[in-house]
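If you're matching them up, the sequences are chains A and B in order. Numbering follows full-length UniProt numbering, with no gaps: position 336 of the first sequence is 336. Numbering follows full-length UniProt numbering, with no gaps: position 72 of the second sequence is 72.
Protein chains: 2
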Amino acid sequence: MSKSYTVAVVGATGAVGTQMIQMLELSTLPIKEVILLASKRSAGQTRTFRGEELTIQELVAESFSGVDLALFSAGGGISKQFAPEAVKHGAVVVDNTSFFRMDPTVPLVVPEVNAHALSAHQGIIANPNCSTIQMMVALEPIRQQVGLKRIIVSTYQAVSGAGARAIEELKIQAQSYLNEEPVDQWQTEILPSGGDKKHYPIAFNALPQIDVFTDNDYTYEEMKMVNETKKIMEDDTIQVVATCVRIPVVQGHSESVYIETDVPADVADIRQWLTNAPGVVLQDDPSQQLYPQAIFSADQTETFVGRIRKDLDVANGLHLWVVSDNLLKGAAANSVQIAEALHEMDLVRVP
Amino acid sequence: MSKSYTVAVVGATGAVGTQMIQMLELSTLPIKEVILLASKRSAGQTRTFRGEELTIQELVAESFSGVDLALFSAGGGISKQFAPEAVKHGAVVVDNTSFFRMDPTVPLVVPEVNAHALSAHQGIIANPNCSTIQMMVALEPIRQQVGLKRIIVSTYQAVSGAGARAIEELKIQAQSYLNEEPVDQWQTEILPSGGDKKHYPIAFNALPQIDVFTDNDYTYEEMKMVNETKKIMEDDTIQVVATCVRIPVVQGHSESVYIETDVPADVADIRQWLTNAPGVVLQDDPSQQLYPQAIFSADQTETFVGRIRKDLDVANGLHLWVVSDNLLKGAAANSVQIAEALHEMDLVRVP
Chain A
1 MSKSYTVAVV GATGAVGTQM IQMLELSTLP IKEVILLASK RSAGQTRTFR GEELTIQELV
61 AESFSGVDLA LFSAGGGISK QFAPEAVKHG AVVVDNTSFF RMDPTVPLVV PEVNAHALSA
121 HQGIIANPNC STIQMMVALE PIRQQVGLKR IIVSTYQAVS GAGARAIEEL KIQAQSYLNE
181 EPVDQWQTEI LPSGGDKKHY PIAFNALPQI DVFTDNDYTY EEMKMVNETK KIMEDDTIQV
241 VATCVRIPVV QGHSESVYIE TDVPADVADI RQWLTNAPGV VLQDDPSQQL YPQAIFSADQ
301 TETFVGRIRK DLDVANGLHL WVVSDNLLKG AAANSVQIAE ALHEMDLVRV P
Chain B
1 MSKSYTVAVV GATGAVGTQM IQMLELSTLP IKEVILLASK RSAGQTRTFR GEELTIQELV
61 AESFSGVDLA LFSAGGGISK QFAPEAVKHG AVVVDNTSFF RMDPTVPLVV PEVNAHALSA
121 HQGIIANPNC STIQMMVALE PIRQQVGLKR IIVSTYQAVS GAGARAIEEL KIQAQSYLNE
181 EPVDQWQTEI LPSGGDKKHY PIAFNALPQI DVFTDNDYTY EEMKMVNETK KIMEDDTIQV
241 VATCVRIPVV QGHSESVYIE TDVPADVADI RQWLTNAPGV VLQDDPSQQL YPQAIFSADQ
301 TETFVGRIRK DLDVANGLHL WVVSDNLLKG AAANSVQIAE ALHEMDLVRV P
């Protein structure tokens, strides 16, 4: 494995792209060269990678000539158009958008859970949705021991999942509130979903809509959690349902997760399994008021789990509180971990 | 019913007490006189009631002489000490603290659900916990039609539930964040629970602890929702479990509620039942992005319900999003509604 890779980052100026560059800096992946790609508008800007100043180039099909690995996070439309181009040029694509996730020929991977699925890749690997990834990291160690029948999750999601402009909007609204400006005069242009018709305040509010609604009155975000869980865990029989809510947090998604396992499990055992699990940090001691908190998960790559307790009535029912930085394990860190797993499994090549 | 009452407000300067005075101003209750009581520290301050300036008096046992109705919201310790004194002096007490709620001789009342329980009062009536009340208002109309087996609720609770100082702390922390002060230098003295050992930031965070922890690793807030639901609905067989979370919202608790009914119900029917239900405002039209939002529930006395949808797997499973102003329907408005019901049922007397 004396290979060394040319790695392209597509969407290098975005909230996730910025984190991808940082994650690559920290990565064990042998990197020969990093190429930063973005829209024409951002071309010419510079970013630093391991002390070297790199100029951002405009994304075109030819950008992928000589690229071994391309990490995409520039929206589904860009992935749809350019990921196949990258593959044609011989690059393996790790795509952070939802565009290819449910394509049966595309592995959908959380390395701690289903790295084995990478073996079947045909050039494109999809990175799951942020809210799905952290739930998978927390639940897989439990599922391996006692199975998993059912998940009911309510999320508390950070605005950074909606991009840099949403963060800015939250800050502007928070200042408006502190200035005692009436809420109907706040700037509200982005949330709950940039592409939807109406926009609502997020500062000092909770919005039970992430992404747009589907025909069954669930949102796309909710259905992503449902469908991606089944694909990643390779089990269509798991019952999954979600309520996805945006709250005024900048970084770090929190999740209130109820599960039913095949066999009842003791809390002490679950704590032990999670202590030993890859990518998990157990923070669970009510006597010390120790539990995961979004604000302290920021800039961490792990998934934090606490508030583990038995259901009060159902013997195989359990409740957990799961927190992770949505831009890192939820996006950039998971994408780079997929790239590292591809390298370790000698799969950085288009079949 | 040509009676007219002398009404005492105990804890008149607090977040809830302030709202109680406003709710009494708007009330249909025939009021002869209002007496405002608080600690020695607040005595001498004035408040306006229907254009009249009232001086706050120090709370002592003799304060209740000539009082017909006393609304308490000054902490459990004050209720423990002074509610029996009020009753001795002939006043009927509506207590907003948790102190008497699970006392089998004390009715625990949400007027829309179990006003009939008032008939058995022996001088003290308890107002349920804020997070319980709004859930009861939303679920009772459904339970009456198709029964109720099970509730799993995750809450998104406002800081005003922790009092005026918690609101101030949120604002100070929000400004600290906007000033880019490091989080370890923020003022954190109140939340998650004033009486607990450790305090954490709430601005741009989510805290999965409200009140202190009990021996079973649930918090008191969570166990209140469990035990109070069974008492109010007069059914110990209902399975209830809660995860209670504080989020950076000033007014308005939101709840992600999953229920299983005895008999499956159509969403269209549920919408109709809730449209006709007392105290409920249906806000449920995904095509118009219409759903309840905490920030718009502020200063409203109703409970707002939306995001109603069938579970994806369980035929009798349903999900709802329930929002209400925690200081109003969750506290002051419900207390005054209890007083109004007592008047209408001719029960404003100590038996």
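The beta carbon of each residue, even a glycine, is placed where N, CA and C say it ideally should be.
Query, Result
"Can you find at least 3 beta carbon pairs, one from the region 29-37 of chain A and one from the region 9-17 of chain A, that sit closer than 8 Å?", "yes"
"Can a CB atom of chain B be found closer than 7 Å to the CB of Phe204(A)?", "yes"
"Considering only C-alpha positions, which residue in the set Asn216(B), Val280(B), Trp186(B) and Leu170(B) is nearest to Ser324(B)?", "Val280(B)"
"What in chain A is Cβ-close to Pro264(B), meaning under 9 Å?", "Ordered by position in chain A, no residue passes the 9 Å Cβ test against Pro264(B), which lies about 15 Å from the chain."
"Hey, could you find the ends of the alpha helix (DSSP H) Glu302(B) is sitting in?", "Segment: none, Glu302(B) is in no alpha helix (DSSP H) and carries neither H nor E."
"DSSP on Lys32(A), reduced to helix/strand/coil?", "strand"
"Residues in its own chain within less than 6 Å of residue 400(A) by CB, not counting five upstream and five downstream?", "Because residue 400(A) is not part of the residues shown, which for chain A are 1 to 351, the question remains open."
"So the alpha helix (DSSP H) Val113(B) belongs to, where does it begin and stop?", "Pro111 to Asn114"
"Taking the beta strand (DSSP E) that Val16(B) falls in, what are its first and last residues?", "Counting along the chain, Val16(B) falls outside any beta strand (DSSP E), though it belongs to the alpha helix (DSSP H) covering Ala15 to Leu26."
"So what does DSSP say about Gly66(A), is it helix, strand or coil?", "coil"
"What residues in the region 237-251 of chain A have a beta carbon less than 7 Å from any beta carbon of chain B?", "Gln239, Val241, Thr243, Val245, Ile247, Pro248, Val249 and Val250"
"When you compare the CB of Phe100(B) with every CB in chain A, is at least one pair closer than 7 Å?", "no"
"Over what stretch of residues does the alpha helix (DSSP H) that includes Ala86(A) continue unbroken?", "Gly76 to Lys88"
"Contact criterion: CB-CB distance below 7 Å. Does His89(B) meet it with respect to chain A?", "no"
"Go ahead and pull the three-state DSSP assignment for Arg41(B).", "coil"
"Under a Cβ-count criterion, where at least 16 other Cβ atoms within 10 Å of its own Cβ denotes burial, should His116(B) be classed as buried or exposed?", "exposed"
"So, for Gln19(A): in the same chain, excluding its five sequence neighbours on each side, which residues have a beta-carbon less than 8 Å away from its beta-carbon?", "Leu327, Leu328, Ala331, Ala332 and Ala333"
"Strictly under 7 Å for the Cβ-Cβ distance: is Asp184(A) near chain B by that measure?", "no"
"Comparing C-alpha positions only, which one of Gln251(A), Glu234(A) and Gly317(A) sits nearest to His270(A)?", "It is worth fixing the name first, because residue 270(A) is Ile in this sequence and not His. Here the closest residue by C-alpha is Gly317(A)."
"Quick one: which chain A residues come within Cβ less than 7 Å of Lys171(B)?", "Leu178"
"Got a sec? Which residues, its chain only, sit under 7 Å from Val47(B) by beta carbon, not counting five neighbours each side?", "Per the sequence shown, the amino acid found at residue 47(B) is Arg instead of Val. Ala12, Ile21, Leu36, Leu54 and Ile56."
"Spell out whether any CB of chain A is found under 7 Å from the CB atom of Arg165(B).", "no"
"Between the region 259-276 of chain A and the region 140-147 of chain A, do at least 3 Cβ pairs fall closer than 8 Å?", "yes"
"Mind checking the region 266-284 of chain B against chain A and listing, in chain order, the residues whose C-beta falls within less than 7 Å of any C-beta there?", "none"
"List the residues of chain A whose Cβ lies closer than 8 Å to the Cβ of His319(B), in chain order.", "Val241 and Thr243"
"Just to confirm, are Met223(A) and Thr214(A) a CB contact at a threshold of 7 Å?", "yes"
"Please compile the residues from chain A whose C-beta is within a distance smaller than 7 Å of the C-beta of Tyr291(B).", "Pro208 and Gln209"
"Let's see if you can read the secondary structure: which residues bound the beta strand (DSSP E) around Tyr5(B)?", "Tyr5 to Val10"
"What whole-angstrom Cβ distance do Pro248(A) and Phe296(A) have, given they're in contact under 8 Å?", "The Cβ separation is near 17 Å, so there is no contact."
"Looking at the unbroken beta strand (DSSP E) that takes in Ser324(B), where does it start and where does it end?", "Gly317 to Ser324"
"Strictly by DSSP, which residues pair up with Leu71(B)?", "Val9(B) and Val94(B)"
"Can you tell me the Cα-Cα spacing of Ala298(A) and Arg349(B), whole angstroms?", "57 Å"
"Quick one: using the 10 Å Cβ neighbour count with 16 as the cut-off for buried, is Met345(B) buried or exposed?", "exposed"
"Alpha carbon to alpha carbon, how far is Ala206(B) from Tyr200(B)?", "10 Å"
"Which ranges would you report for the alpha helix (DSSP H) in the region 218-258 of chain B if only whole runs of at least 4 residues count?", "220-232"
"By how many angstroms is the C-alpha of Asn216(B) removed from the C-alpha of Glu25(B)?", "42 Å"
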